[in-house]
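What follows is a single structure, written as C-alpha cells, with notes after it.
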Amino acid sequence: MEILIVEDEAEIAQLIQLYLEKEGFSCRTCRDGLTALQLFQEQKFDLIILDLMIPKLDGLEVCARIRQKPGSKDPYILMLTAKGEELDRIIGLSTGADDYMVKPFSPKELVARVRALLRRTLRQGGQSQIYRTHSFSIDLDQRSATRHLSPDRSEPLDLTTLEFDLLSTFMSYPGRVWNRTQLIDKLWGDNFFGDERVVDTHVARLRKKVELDPANPTFVKTVIGVGYKFEDITESSANK
C-alpha cells in the first residue's frame with residue numbers, strides 16, 4: 008500500500024512515516040500543497056495523510072482538487088489539523104476527506120485509522136456481482152457505475168471510492184432504511200473513529216451525482232429521524 012504524507016512539520020512527518028513503515032506501508036512525504044498535487048499526478052497512492060495548514064495550497068484546497076480529478080484509483084484522505092473546532096471538521100469532510108484527526112494525536116491511533124480506511128478496499132475482495140435497477144447498474148467486480156437515462160442511452164457515473172461503496176450498499180438492499188451507525192459499520196468497519204455526520208456529507212455528495220434535483224431526491228431519500236434509503240425499480244441482481 009502506497010501512502011503520501013503531506014505535512015510541513017518535519018518531525019511530525021518523520022514520526023508518521025516511521026510508524027507506518029514499521030507496519031509495512033510504503034511512504035512518500037512532502038511539505039506543501041503544490042508538491043502534493045504534483046506527486047498525486049505522478050503516482051497512484053492508496054491513501055493521503057493531509058495536514059490542513061500547509062504552505063502554497065492549504066489542505067482543504069488540495070483535498071478538493073484531488074477529488075475533482077477522478078481516476079482509476081481514488082485515494083482515501085485522512086486530514087490532520089491542529090484545530091479542534093467542529094466547523095473545521097465539517098469543512099474538511101465536506102471537501103472529500105474520509106477521516107479527520109486533531110493534533111496532537113497518538114501515532115498508534117493514526118495507524119489504526121489508516122488500517123480502517125484501507126480495509127474498505129480489502130473488504131470488497133472476492134465480490135463479483137452486478138446490481139441493476141431501472142435507473143442504475145453497478146458492477147462490483149469492475150467497480151463501475153452507470154446511470155440509465157433511457158432504454159437506449161446510458162452514461163458512466165464518476166464516483167469516488169466511498170461514493171461507489173455507498174451507492175452499492177444502497178442498491179444491494181433497495182428500500183431498506185439505514186441509520187448512520189449501520190452505514191458506518193458497512194463502509195468503515197469496526198475501527199471507525201470519526202464523526203457520524205460524515206455519513207450526511209457523503210450522502211449529500213452522492214446525491215449531487217445521481218439526482219436530477221439533489222434538494223428533492225428521487226433515489227437516495229431521507230427517512231426523518233432514522234436515516235436513509237434507496238428507492239428505484241429493481242430489475243435484477245445476478246452473480247457473474
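This note's numbering puts the sequence shown at residues 8 to 247.
Built from N, CA and C at the ideal position, the CB exists for glycine as well.
Test item: CB-CB of residue i and residue j under 8 Å
i	j	result
GLY40	ILE10	no
THR176	LEU164	no
LEU166	LEU54	no
VAL227	VAL210	yes
VAL13	VAL69	yes
LEU213	LEU173	yes
VAL184	LYS216	no
ILE84	LEU67	no
THR102	ARG120	no
GLU30	VAL118	yes
PRO114	LEU46	no
Simplified DSSP state of residue i, which is helix, strand or coil
i	result
GLU218	coil
MET8	coil
GLY232	coil
ASP276	Only positions 8 to 247 of the chain appear in the structure, and residue 276 is not among them; the question remains open.
ILE73	helix
ASP239	coil
ASP58	strand
Burial state of residue i, where buried means 16 or more other Cβ atoms lie within 10 Å
i	result
THR168	buried
VAL206	buried
VAL233	exposed
GLU203	exposed
THR188	exposed
PRO82	buried
ARG139	buried
ALA222	exposed
TYR107	buried
ILE240	exposed
GLU49	exposed
Limits of the unbroken beta strand (DSSP E) element including residue i
i	result
LEU87	83-88
### Every unbroken alpha helix (DSSP H) within the segment 126-201, with a cutoff of 4 residues, ordered by chain
Segments of the alpha helix (DSSP H) lying fully in the segment 126-201: 168-179, 187-194.
### Length-filtered (3 minimum) beta strand (DSSP E) runs lying within the segment 19-53
Taken in chain order, the complete beta strand (DSSP E) segments of 3 residues or longer contained in the segment 19-53 are 33-37.
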